[in-house]
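Chemist: Residue numbers (my numbering): 3 to 831.
In this text, a Cβ means the ideal position worked out from N, Cα and C, and glycines have one as well.
Just so it is clear, the structure is predicted and the values come from calculations on it, not from any experiment.
1) Please confirm whether residue 679 and residue 764 have their CB atoms less than 9 Å apart.
2) Using 9 Å as the threshold, is the C-beta distance between residue 438 and residue 506 below it?
3) Do you know whose CA, among 692, 670, 737, lies nearest residue 720's CA?
4) Using a Cβ-Cβ cut-off of 6 Å (strictly less than) and excluding sequence neighbours within five positions of residue 432, which residues of its own chain qualify?
5) Using the three-state DSSP reduction, which class does residue 586 fall into: helix, strand or coil?
6) Which residue comes first and which comes last in the beta strand (DSSP E) that contains residue 169?
7) For the region 308-359, which segments carrying the beta strand (DSSP E) assignment without a break, of at least 3 residues, lie completely within its bounds, in sequence order?
8) Within 10 Å of its beta-carbon, does residue 687 have 16 or more other beta-carbons around it, so buried, or fewer, so exposed?
9) Considering only DSSP beta bridges, list what residue 51 is partnered with.
10) In whole angstroms, what is the alpha-carbon distance linking residue 811 and residue 226?
11) According to the neighbour-count rule (16 or more other Cβ atoms, all chains shown, within 10 Å of its Cβ), is residue 399 buried or exposed?
12) Looking at the secondary structure, which residues open and close the alpha helix (DSSP H) in which residue 76 lies?
13) Using 8 Å for Cβ pairs, my map puts residue 149 next to residue 572. What's the rounded Cβ distance?
14) Give the C-beta separation of residue 544 and residue 48 to the nearest angstrom, bearing in mind that I take them to be a contact with Cβ-Cβ under 8 Å.
15) Kindly indicate which three-state DSSP category residue 394 falls into: helix, strand or coil?
16) Under 6 Å Cβ to Cβ from residue 340, same chain only, skipping five residues before and after it: list those, please.
17) Would you kindly check if the distance between the Cβ of residue 655 and the Cβ of residue 715 is under 9 Å?
18) Among the candidates 31, 45, 90, 25, whose CA atom is the shortest distance from the CA of residue 513?
19) Considering only the beta carbon of each residue, do residue 216 and residue 565 sit closer than 9 Å?
20) Between the beta-carbon of residue 799 and the beta-carbon of residue 813, is there less than 9 Å?
21) Determine the direct distance from the alpha carbon of residue 707 to that of residue 786, and round the result to whole angstroms.
22) So which of 784, 515, 142, 611 has the shortest CA-CA distance to residue 766?
23) How about residue 694 and residue 773: do their beta carbons lie closer than 9 Å?
24) Indicate whether residue 752 and residue 685 have their beta-carbon atoms separated by less than 9 Å.
25) Could you tell me whether any non-hydrogen atom of the ligand PLP is closer than 8 Å to the CB of residue 370?
26) What is the residue span of the beta strand (DSSP E) that residue 784 lies within?
27) What separation, rounded to the nearest whole angstrom, lies between the Cα atoms of residue 78 and residue 84?
28) I need the boundaries of the alpha helix (DSSP H) containing residue 371, first residue and last residue.
29) Quick one: what does DSSP say residue 547 is sitting in, helix, strand or coil?
30) Within a Cβ cutoff of 6 Å, which residues of the same chain sit near residue 369, ignoring the five residues on either side of it in sequence?
31) Would DSSP call residue 752 helix, strand or coil?
32) Grab me the residues of residue 18's own chain with a C-beta within less than 6 Å of its C-beta, minus the 5 sequence neighbours each way, in chain order.
33) In whole angstroms, give me the CA-to-CA distance for residue 1 and residue 29.
34) Report the rounded CA-to-CA distance for residue 674 versus residue 67, giving the unit in angstroms.
35) Find the nearest neighbour of residue 615 within the set 677, 578, 827, 738, judged by alpha-carbon distance.
36) Taking 7 Å as the limit between beta carbons, can you name the residues of its chain near residue 681, skipping five residues before and five after?
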């Protein structure tokens, strides 16, 4: 039996025994309460995207909160005053559906799950400041959703109109575009339909350019791919508005195009089949065919209609538009690949130079006219549109001009004649926030026949959800709230006449677009957030969450922050200084789900291995942004490592508790401080998995020192073990506390601070290495005295002088004698 195996044979590491005990110590000492620390300490606000209480915590929760807790604990140990809050995103359709199936009030289902998750968070040892806790379904919170809505309404940023929407026939509610995946509801998987409903919107398009411009503040601290996704979603396009007269109609139809240089190639005109314009333009003799076609589109989502690989379809409306550039009459079609909600819902079709137009033209046998010579084969030969710039042809007096020059000249001429003007448009559309649900924030508007839409006075907020009204479901688009007659029927706040409340509730993205502003003082009564808390903590310094929120939650949070800034409530325009994305926890290459039979239960893993081992496994599996396949990892290895740390702490001689580390073995101290330095750098750069690897290396260094080196009584061993324990507390807090106590330290490792590396011990002695090629001296390089053979080989082959001598010749062998000599042997010619 080895010394390590025989040591403390009467004791054993128990990953569960200390969980409740240390939770009580942390609570009693108020270790994680931010305001308990001196005000002059530098501050850091660390926020994870808050959880939804659909049940107990799952593996994904364990990952994201292990990451955020590691960051929060590290910053706290580096001397910062850290606010690490927790709350629940507790409104929404999943809770409503789950409660409805069980014939329960969503309140009961939701708050029961919240308590289960809260207890699981404590068992995981996440260092939340629990005083920040709130739930978005609390009236004390959603009152301020309504207050924000009314401020938007006053300024024209909240408005109501009829619009085609994504309708889920199973969940019986409107879905945002972001909630439709491959034409199906992301929650229930059912095929989404298109319906016309009167809905509330926030005018996000008013902030489109600001959302783009302010990304300059984020380019160094947000993932580049998230910023790219947002730029593409906003979709700024420069071009022109052009007016096409319609035969038999007084008003022209305006289109937007990014390619005014191709206007002479327009051979037909397309309007969105589900738009009011199509309905108006349809000739009587084409009505039956048009109505049948439009009815067929109701089961096709916007995402499917925009898919490039989907066959294009449409119907002729029996009407003609007039091209203002050449006065040609062109047929007007209703089609599925144009959306009523984008631009004007109409496009000038140039099939030679736009692939979607070309696909439509080929499907319906329409003419194709090339008007820009791009130097590529024509579409008639390849079936591919030539979408790039070039030289204009068949374009009258613009022939021979480059695309850029011609575009400007054509727009200028159309403007002079009153047919167009330069324009900028965006792919971004206004935020549709109406939901036909019970379990959400009621929209604080009263509808009166005399006064129209009337805001509920601020002093009457919150408009609370009625106790009844959650069981009604309707296929007509009617909200469940409509069944609560006593709640719906009210007097108009303006004229006092009978009126009725708006029965829709708000999208839960409203709840999550500002929650981080309330955490510093969740009990503040005079506004949605405490100005003193904003001044002290905001904006968020570290924000952790999934990349799947790039064009939903993150966009909405940025939008609302800018609105609140413009209203004078916030001193900043971007809510999150730094963004860290975490990947998914999958199983055998697929997302975990009950239906696939690959679901891994978090509580089972914790029960088997303990919370610390699960946390370590999550973080050590790879960089935060990468997916973790649970089939490829196991907490068993983490348990073994944590056991080694625990045993090591128990072996350190108690008599060394006050010893001077400088009196210890220098080689051990040098290895310890270099690993402290490396681990610190990895934590600062969010390479948490590599930081854990350095702690594992440090464990091995100390184990060798105890077993075969200077022994457990050397002060260097104590210094190294205490440093290891302090750093370990970021990832395995319960084990670290137990080890700290075994080392004779009190009262909690959380107060011990992060160890500092001694620069003199980190500094590496160097030596000059001779580099030869075929036995002849070619270079000299300075290398650490303890450089490895592999590292020295790589340095020699990377030498510019060596590469010059080889001139591309193959290398037959590299003879390495670290740290002094390397001989590169070239292959015979």
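Modeler: So, from the listed chains and residues:
1) By the CB criterion at 9 Å, residue 679 and residue 764 fall inside the cutoff.
2) Cβ atoms of residue 438 and residue 506: closer than 9 Å.
3) 670
4) 203, 205, 206, 207
5) It is coil, neither helix nor strand.
6) 160-170
7) DSSP runs (the beta strand (DSSP E)) wholly in the region 308-359: 316-324, 331-337, 348-351.
8) exposed
9) Its beta-bridge partners do not exist; DSSP assigns none.
10) Residue 811 and residue 226: Cα-Cα distance of roughly 39 Å.
11) exposed
12) Here the alpha helix (DSSP H) through residue 76 covers 61-79.
13) Incorrect: roughly 15 Å between the Cβ atoms, too far for contact.
14) 4 Å
15) strand
16) 272, 274, 349
17) yes
18) Of 31, 45, 90, 25, the residue nearest in Cα terms is 90.
19) no
20) For residue 799 and residue 813, yes; Cβs fall inside 9 Å.
21) For residue 786 and residue 707, the distance between alpha carbons rounds to 22 Å.
22) 784
23) Going by C-beta atoms, residue 694 is not nearer than 9 Å to residue 773.
24) no
25) As far as ligands go, the structure on display features none, and thus does not contain the ligand PLP.
26) 778-786
27) Between residue 78 and residue 84, the C-alpha separation is close to 6 Å.
28) Neither: residue 371 is in no alpha helix (DSSP H) and is coded neither H nor E.
29) strand
30) 269
31) Helix at residue 752.
32) 612
33) Residue 1 lies beyond the residue range present for the chain, which begins at 3 and ends at 831; the question has no answer from this structure.
34) 29 Å
35) 738
36) 693, 696, 697, 729
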